[in-house]
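Visitor: Before I ask anything, here is the structure I am working with.
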Amino acid sequence: MLEILGRAYFTIAKGFGKRKSLNLILSCSSDLATTAVTSDAMSRTGASVIALDYNGVLVPHGANELSPALISWLMHIVSVFGDKNVFILSNKPKTSRCAYFRTVFPNIRFVTGVRKKPYPDGLVAIKNMANCRLPDMVLLDDRLLTGGLATCLAGTKFIYIKKPLVSLAHNFIAEIFFIALRSLERVFVRIARYC
């Protein structure tokens, strides 16, 4: 419980401090789904290392397995950037997900053992694993105040997935919670810019 409260305080304090950067992300982002983000768009950010959130970006909340469309999309991303330069940075790196992923993409690494986003620890860990600079990395995430804020703090690039994968039939309560949370994040960022 203390960890959750500490992370909430960190998020609000740092989110307010980075409100201009977060507002720029929000105002410059189009309504993108993951599969609409091309390898060219990632390359245009100047990134050579790709970090992907799991929930909302690769699967609906609570799911483990990628859809055929996402597998195809990720195969293309791997063919462009190399599987050693693609990472999963999820606040829920469940063992079952890691095991599943090893069967489909055995060389893509999950980042574990670090503080959850918005702490930038996972991005720093990827920098060390990929032997790159932080500005050489882009994170695709569906949350402004976790992934977006982590990139603002770390100095990496960010692609905001404004059309996350959602399955109300699969996990109704979690999906409603995160739909509401994403909306509240946007409201926070829009209001904070005036302070």
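Residue numbers (my numbering): 6 to 200.
Heads up, the beta-carbon is just placed ideally off N, CA and C, and yes, glycines get one too.
Using the C-alpha atoms, what's the distance from residue 167 back to residue 38?
Guide: 7 angstroms
Visitor: Which residues does DSSP pair with residue 145 in a beta bridge?
Guide: 57, 164
Visitor: Using a Cβ distance threshold of 8 angstroms, determine whether the stretch 86–94 contacts the stretch 127–139, with at least three qualifying pairs required.
Guide: Output reads yes: the stretch 127–139 touches the stretch 86–94.
Visitor: Does the beta-carbon of residue 8 have 16 or more other beta-carbons within 10 angstroms, so that it is buried, or is it exposed?
Guide: exposed
Visitor: For residue 93, report the span of its beta strand (DSSP E) as first-last.
Guide: 91–93
Visitor: Give the range of the alpha helix (DSSP H) segment to which residue 157 is assigned.
Guide: 154–159
Visitor: Enumerate, from N- to C-terminal direction, the unbroken alpha helix (DSSP H) stretches of 4 or more residues contained entirely within the stretch 31–78.
Guide: DSSP runs (the alpha helix (DSSP H)) wholly in the stretch 31–78: 44–49.
Visitor: For the alpha helix (DSSP H) containing residue 105, name the first residue and the last one.
Guide: 100–109
Visitor: Using the Cα positions of residue 41 and residue 71, report the straight-line distance between them to the nearest angstrom.
Guide: 16 angstroms
Visitor: Determine, using beta-carbon pairs with one atom in the stretch 155–162 and one in the stretch 179–197, whether at least three such pairs fall under 8 angstroms.
Guide: No: the two stretches stay apart, fewer than three of their Cβ pairs being nearer than 8 angstroms.
Visitor: Have a look at residue 24 and residue 86 and give me their C-alpha separation to the nearest angstrom.
Guide: 31 angstroms
Visitor: Roughly how far, in whole angstroms, is the beta-carbon of residue 131 from the beta-carbon of residue 56, given that I think they are within contact range, below 8 angstroms?
Guide: 6 angstroms
Visitor: Tell me which same chain residues have a C-beta within less than 8 angstroms of the C-beta of residue 173, skipping the five on either side of it?
Guide: Excluding positions up to five away in sequence, the list reads 180, 181.
Visitor: Could you please give the first and the last residue of the uninterrupted alpha helix (DSSP H) stretch that includes residue 127?
Guide: 126–135
Visitor: Residue 14 lies in the alpha helix (DSSP H); which residues open and close that run?
Guide: Residue 14 -> alpha helix (DSSP H) spans 7–22.
Visitor: Among 153, 150, 82, 138, which one has its Cα closest to the Cα of residue 46?
Guide: The residue with the shortest Cα to Cα distance from residue 46 is 82.
Visitor: Look up residue 182 in the DSSP assignment and give the residues it is bridged to.
Guide: Per DSSP, none; premise fails for residue 182.
Visitor: Report all residues from its chain with a CB closer than 6 angstroms to the CB of residue 60; omit the five preceding and five following residues, and keep chain order.
Guide: Closer than 6 angstroms at Cβ, skipping near neighbours: 66.
Visitor: Is residue 195 helix, strand or coil when you go by DSSP?
Guide: helix
Visitor: In terms of alpha-carbon separation, which member of 169, 151, 185, 176 lies closest to residue 18?
Guide: 151
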